[in-house]
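Residue numbers (numbering that gives the first Met the number 0): 0 to 577. Ideal Cβ positions, reconstructed from N, Cα and C, are used throughout, including at glycine. Remember, predicted model here, so these are calculated numbers, not experimental data.
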Amino acid sequence: MAQAIELGGKVLAAYLGPRESGEIKTTIADDIGEMARSIGRVAEYYMAEPQRAFAAQAALTTQFVDLWAATLQRLQGEKAKPIAPPDASDKRFADAAWRDNPYFDFIKQAYVLTTRWADDLVKHADDLQPHDRDKAQFYLRQVTAALSPSNFVATNPELIRTTLAESGENLVRGLKMLAEDIQAGHGTLRIRQADARGFKLGVNLAATPGKVIFRKELLELIQYEPTTPQVYKRPLLIVPPWINKFYILDLNPEKSFIRWATAQGLTVFVISWVNPDERQADKDFDSYMREGILTALDCIEQATGEREVAAIGYCVGGTLLAATLAYMAAVGDKRITSATFFAAQIDFTDPGDLKVFVDAEQLKQVEERMAEQGYLDGSQMANAFNMLRPNDLIWSYYVNNYLKGKEPMPFDLLVWNSDSTRMPAANHKFYLRHCYLQNDLSNGRMVLGGKTLDLRQVTVPVYELATKEDHIAPARSVFTGAKCFGGPVRYVMAGSGHIAGVVNPPEKPKYQYWSGGPPKGEFDAWVAAARETPGSWWPDWLAWLTAQAPEKAPARKPGEGKLKPLGDAPGDYVRVKA
């Protein structure tokens, strides 16, 4: 108890210190206010009509009466059918005591039926605008996830057993980790999702051999070492998202798309974006186009002598690539001769779960916060992504780390996921306003470099990869965006989600993919007619890419051209912490 009290003081100091010094400006009032307004609109809908409110209350009461009766049967030694069993996939209630002990079974079912009842209230609030309903469901999900009985020692049978067996040592270890994680987040809790101590950039993460051949304020350009004597003549440029770091495509030798691509005879270049601070506050979408993609094309020509390049854009990197292609079409720049998009949105009519964070009021608040420091802090974006799956990405680690006192397992994907980045104020403002809020790109209204962008003028071949379970760039949304281009498009849908669906190597494939020609007609009809192929989509993409330009050339080593090596991959920018 003495150790717990001492560590509790350290937790409090780690949290309050940055706030007392002014390093952190508290925004809890804004966040709670937005949640209260969203859920409050649902309450107003029911309270405005007494009969509607009475029916909702009666539905909950009836279910609780049934639950009390079933629990009473069990306490008397009789069997009773569950009234509100959790989903079979819900790992929070996997311990046998949640099922076998009538008291904990009652607590579990009371929670499940209440959360389902509340969710139904939101779904059936017919007068709400779709965006208001989505926000209410999102914030309700945060509340119900936080209030789960599995999150508290007194109501979780597994935690009770652990705490009694260890005489509270688990809580002492948990408080120690909690203090460390708040200190690591400079006053904001940065939940450790993986044990990162066994991972090191350039050793067992981002370890594909290569050289940094160019460095400017916004990017480092990496050219990777060839592994075949002959390579395809046309180089490949990968444009990763700046919301995360590029090495999601180079996690380890078995999962690395970059390493695999070089082994297939491709000359691979990758942009490593700077982890920005107040010095890049004014760098906007136009800057990322000119100083990012267009500068990288100049560098590739100097390094290889090749003017024609194939390009890949992942996530928001794909959105930028699409905008850049439209600009290049407008000015007659034909250097990118084919484009591939990994889980990238171009049309934002149905922009996925992140849409709950974007409306005029919330955007104004974000812009005001960014204006104070010149960037969006990496922890804010990381928290937003974690809140999309609160049970899996927040509360499961909260219970494991801080209540059970267990270190998380080492896992390269989660190490990458925790390696957050900042966003320049000007760029992030442009992206949120002109993509998520106004959907300007697909509607021909976006202006870059003084040109109004028209995606129909983009006639190069396009490979559009969506992922079936993507909540960030939904497959349906990617399908709609793929229709905007003016040239031939091959639409492919991979199994799984935004990360695992993309990082699915042929040697150890976990998922399948669907192909069925160009994105025409309705999405559901395309999926129904598509052909399912087991395994990785990577070979399918390679066949599509190399068929366009099958010519070969002697392998090119980084530094052989006009640009000399500045250092080894993965470079310096990727090592900067947010």
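If you reduce the DSSP assignment to three classes, tell me which class residue i lands in.
i, result
"G209", "strand"
"T339", "strand"
"F268", "strand"
"V202", "coil"
"V308", "strand"
"I237", "strand"
"E463", "strand"
"R196", "helix"
"M445", "coil"
"R489", "strand"
"L431", "helix"
"T420", "coil"
"T451", "strand"
"W536", "coil"
"G184", "coil"
"H470", "coil"
"F63", "helix"
"L319", "helix"
"P505", "coil"
"V330", "helix"
Is the distance from the Cβ of residue i to the Cβ of residue j below 8 Å?
i, j, result
"N426", "Y326", "no"
"L431", "L362", "yes"
"W540", "Y462", "yes"
"M422", "W241", "yes"
"L204", "V414", "yes"
"W97", "L59", "no"
"V488", "L324", "no"
"V477", "I335", "no"
"P505", "G534", "yes"
"C483", "L454", "yes"
"V171", "I221", "no"
"I190", "I393", "yes"
"Q136", "V121", "yes"
"V308", "L236", "yes"
"A592", "K467", "Here the chain comprises residues numbered 0 to 577, so residue 592 is not present and cannot be evaluated."
"A69", "K80", "yes"
"L452", "A302", "no"
"Y313", "F341", "yes"
"D411", "F256", "no"
"Q192", "A13", "no"
"E406", "D133", "no"
"E157", "L217", "no"
"E305", "R233", "yes"
"A568", "P208", "yes"
If you measure from the beta carbon of residue i to each beta carbon in chain B, is any gap under 8 Å?
i, result
"Y374", "As a matter of chain content, chain B is missing from the structure shown, which is built from one protein chain."
Per DSSP, which residues does residue i bridge with? Please list them.
i, result
"G566", "V211"
"R530", "S514"
"I221", "V211, V269"
"K551", "Y231"
"K363", "K363 pairs with nothing; no bridge assigned."
"L375", "M422"
"Y246", "Paired residues: none, contrary to the question."
"Y313", "F341"
Roughly how far, in whole angstroms, is the beta-carbon of residue i from the beta-carbon of residue j, given that I think they are within contact range, below 8 Å?
i, j, result
"P49", "K107", "Actually they are not in contact, since the Cβ atoms of P49 and K107 sit about 32 Å apart, beyond 8 Å."
"P473", "D346", "11 Å between Cβ atoms; not a contact."
"L139", "I38", "6 Å"
"T161", "N169", "5 Å"
"G496", "H470", "7 Å"
"L319", "V267", "Contact flag wrong, Cβ pair sits at about 19 Å."
"R284", "F105", "For the record, residue 284 in the displayed sequence is Phe; it is not Arg. Not a contact, Cβ separation roughly 54 Å."
"L66", "A54", "About 19 Å separates the two Cβ atoms, so there is no contact after all."
| query | Does the pairing of the region 175-193 with the region 398-412 give three or more beta-carbon distances under 8 Å? | reply | yes
| Between the region 246-265 and the region 294-301, do three or more beta carbon pairs fall short of 8 Å? | no
| query | Are the region 162-169 and the region 378-385 in contact at 8 Å, needing three or more beta carbon pairs? | reply | no
| message | So, does the region 208-219 touch the region 439-447, judging by three or more C-beta pairs under 8 Å? | response | no
| At least 3 beta-carbon pairs within less than 8 Å: the region 218-237 vs the region 274-285 | no
| Any contact of the region 564-575 with the region 239-256, i.e. 3+ C-beta pairs under 8 Å? | yes
| query | Is the region 509-517 touching the region 546-558, taking contact as three or more C-beta pairs under 8 Å? | reply | no
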